[in-house]
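Below: the structure, in structure tokens.
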Amino acid sequence: MVNLFGPPNEFEQVLRVDKFYMHDGSYITNDIAVITMATPAKLNKNVKVAVLAEKDSNYVKENCTISGWGRTNVEVFNQTNSLQKAMTSIVSTEECMQRWTRLNTVLSEGTLLCVLDETGPPKKRPSSCFGDNGGPLYCGENKDVLVGVSSTGSGIRCNGMYPQLYTSIPAFRDWLDKRLHL
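Written out as structure tokens, the structure reads:
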């Protein structure tokens, strides 16, 4: 397990940033950036290259994994010192629009995914929270396809009762491919 405040271990590496590309559109509908490293990471059993979701892929209602360093309780203002992960799923844009009516215009642009797991007890469902922004949403059979990046959601309701919003990798595949020279 990675520990933010502990000594380095086999799960982590320190790399220098070479370039930073931020999308130049609206911060909500285009909440994505690319960071390239000055030297490549050393791949091993704990460090792997993410597989980017294909442009036309659809993972609605599939089991996915989220992870992050954010709060584990909205009432406690400390972030965790260990990386957290949870299972969840992507809900349709239509279902998300029913729950987030004030965001219908933003959601209709197709650049965001809505993540919600309704299988757990109310107010104790897995969810991203403060401090998780930029964290991955992995789907696919082996949970190794990067489908989304944590963007925003209900900051006062990090209890899984409302969908959390993730930037859609498929929606930005052309932009990403250009910056990553794929």
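Counting along the sequence shown from 1, when you hit position 150 you're at 166 in the working numbering, and nothing is skipped either side.
Glycine included, C-beta positions come from ideal geometry on N, C-alpha and C.
If you're wondering where the values come from, they're calculated on a predicted model, not measured in any experiment.
Would you say residue i and residue j are within 8 Å of each other, going by their C-beta atoms?
i	j	result
N74	M103	no
V11	T183	No statement about residue 11 is possible, as the shown extent of the chain runs from 17 to 198 and does not include it.
S105	G151	no
R195	V50	yes
A57	L99	no
If we ignore side chains and look at the alpha-carbon of each, how far apart do residue i and residue j end up?
i	j	result
P137	M177	10 Å
N62	F27	6 Å
N120	K64	36 Å
C174	V107	17 Å
T199	C145	This structure leaves residue 199 out entirely; the chain is present only between 17 and 198.
E157	W191	25 Å
N97	K140	20 Å
W116	G41	22 Å
T135	R118	25 Å
L128	G86	20 Å
D193	T109	25 Å
Which residues in the same chain as residue i place their Cβ atom closer than 7 Å to its Cβ, once the five residues preceding and following it in sequence are excluded?
i	result
D160	V67 and Y154
K35	T52
By DSSP's criteria, residue i is part of a beta bridge. Which residues make up the other side?
i	result
Q95	The partner list for Q95 (beta bridge, DSSP) is empty, contrary to what the question assumes.
C80	T104
C112	According to DSSP, C112 bridges with nothing at all.
M53	V33
Y182	L129 and S166
G38	It is Met, not Gly, that sits at residue 38 in the sequence shown. In the DSSP output, where bridge partners are listed per residue, M38 has A49.
On a CA-only basis, which of the options is nearest residue i? Give me that one, please.
i	options	result
V76	L196, G86, T121 and P179	P179
Q29	D190, C130 and M53	M53
I185	G41, V165 and K194	V165
V131	V163, R189 and D190	V163
D148	K101, D34, L129 and K35	K101
G126	D133, E134, M113 and T135	M113
T81	W116, P142 and A187	P142
H197	V33, Y37 and G86	Y37
Please go through the same chain and pick out, in chain order, the residues whose beta-carbon is closer than 8 Å to the beta-carbon of residue i, but skip the five residues on each side of it.
i	result
T168	I44, D47, N149, Q180 and L181
N133	According to the sequence as given, residue 133 is Asp; it is not Asn. Same-chain partners within the cutoff: A102, M103, T104, S105, R141, P142, S143 and G176.
N60	E26
Taking 7 Å as the cut-off, does the CB of residue i come closer than this to any heavy atom belonging to the ligand ADP?
i	result
N149	As for the ligand ADP, it is missing from this structure, which has no ligand bound.
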